[in-house]
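Enquirer: Have a look at this one before I ask anything.
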Ligand SMILES: [Zn+2]
Ligand SMILES: [Zn+2]
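In the working numbering, the protein residues as written are 31 to 316.
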């Protein structure tokens, strides 16, 4: 069966990366280097928006590894929407399919189709097996999630334009702000997250389970706030930690732990205290 091309997604994802290359070259030729503060902002924005994805989209909405205060949820949702990595409902549906059907035809980013397919090309066509709505039934009762899904593109584009304009006007460098703080930061965030689907199923070690392609990769943990310990994560997906040892770089785990200490999060799931089996999609428990 021929899979339909998702034109708007393809044009956006390919288009913005080509535009970024053009803008970077033009900027360096015409203006040289941007204000050094921009480097700090890129790092801060990258990690803040990534935290929205790792703590909220991944460990809270998908795996329900802990409970969360509603105000913190809204704050993290704001950050994750700025990351432009699709709405919660789409992201969670795909990720649950990935856990249920890892390395098979039903896995949206099946590594068996190749490294670059798992990293990028899976997003450009309709999936052979789209995630059924039943996988996100619980989230469809969450008003914040429903509103985010309904107005996802207007909200996420507006937020990014506001960031670009704000810093552009502040530093009298709108071109620089859009090139570095919007497009380059999106590029770094996208490839870091996509790396979980490609690099973390390809390059690394398998200390916890050898049954699947998922591996632990320290370098990926650095850019994804701890998500690089993917072999452990596939073995015990509901654990709020991905890196379990004290020396594992997992800031998302530290963030959730700190939230729990100030009573903004609770019921942190941790192996071996909870049963963590992968179940069929007829159930929404992961
Ligand atoms: Zn995986
Ligand atoms: Zn997961």
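Glycine included, each C-beta is placed from N, C-alpha and C at the ideal position.
Sorry if obvious, but does the Cβ on residue 129 come closer than 7 Å to a heavy atom of ligand 2?
Expert: Yes, since a heavy atom of ligand 2 falls inside the 7 Å radius drawn around the Cβ of residue 129.
Enquirer: Can you tell which of 213, 243, 178 has its C-alpha closest to the C-alpha of residue 191?
Expert: Of the listed residues, the one whose Cα sits closest to residue 191 is 213.
Enquirer: Is residue 259 helix, strand or coil by DSSP?
Expert: Three-state result, residue 259: strand.
Enquirer: Under 7 Å Cβ to Cβ from residue 304, same chain only, skipping five residues before and after it: list those, please.
Expert: A caution first: residue 304 carries a pLDDT of 49, below 50, which makes its placement in the model unreliable, though a value can still be read off. Closer than 7 Å at the Cβ level, and outside the excluded window around residue 304, lie 268.
Enquirer: Note down, one range per segment and in chain order, each alpha helix (DSSP H) of at least 4 residues found wholly within the stretch 136-179.
Expert: Runs found: 145-149.
Enquirer: Check each candidate in 301, 293, 287 and name the one with the smallest Cα separation from residue 85.
Expert: Closest option to residue 85, Cα to Cα, is 287.
Enquirer: Please state the DSSP three-state secondary structure of residue 304.
Expert: In this prediction, residue 304 scores a pLDDT of 49, lower than 50, which makes its location untrustworthy; no coordinate-derived value is stated.
Enquirer: Could you say which of 227, 276, 237, 238 lies nearest to residue 257 if we only look at CA atoms?
Expert: Among 227, 276, 237, 238, the Cα nearest to that of residue 257 belongs to 227.
Enquirer: Which class does residue 97 belong to by DSSP, given the choice of helix, strand or coil?
Expert: Residue state, collapsed to three classes: strand.
Enquirer: Per DSSP, what kind of secondary structure is residue 310 in: helix, strand or coil?
Expert: Model confidence at residue 310 stands at a pLDDT of 47, short of 50, so the residue's coordinates are unreliable; what they give is reported in the following sentence. Here residue 310 sits in coil by DSSP.
Enquirer: Helix, strand or coil: how does DSSP classify residue 190 here?
Expert: DSSP places residue 190 in helix when its eight states are reduced to three.
Enquirer: Check whether the Cβ of residue 221 sits closer than 7 Å to any heavy atom of ligand 1, and report yes or no.
Expert: Because no heavy atom of ligand 1 lies under 7 Å away, the Cβ of residue 221 does not count as near it: no.
Enquirer: Please state whether DSSP places residue 296 in a helix, a strand or coil.
Expert: Strand.
Enquirer: Is DSSP giving residue 315 helix, strand or coil here?
Expert: The predicted position of residue 315 is uncertain, since its pLDDT is 43 and thus under 50; no value can be drawn from it.
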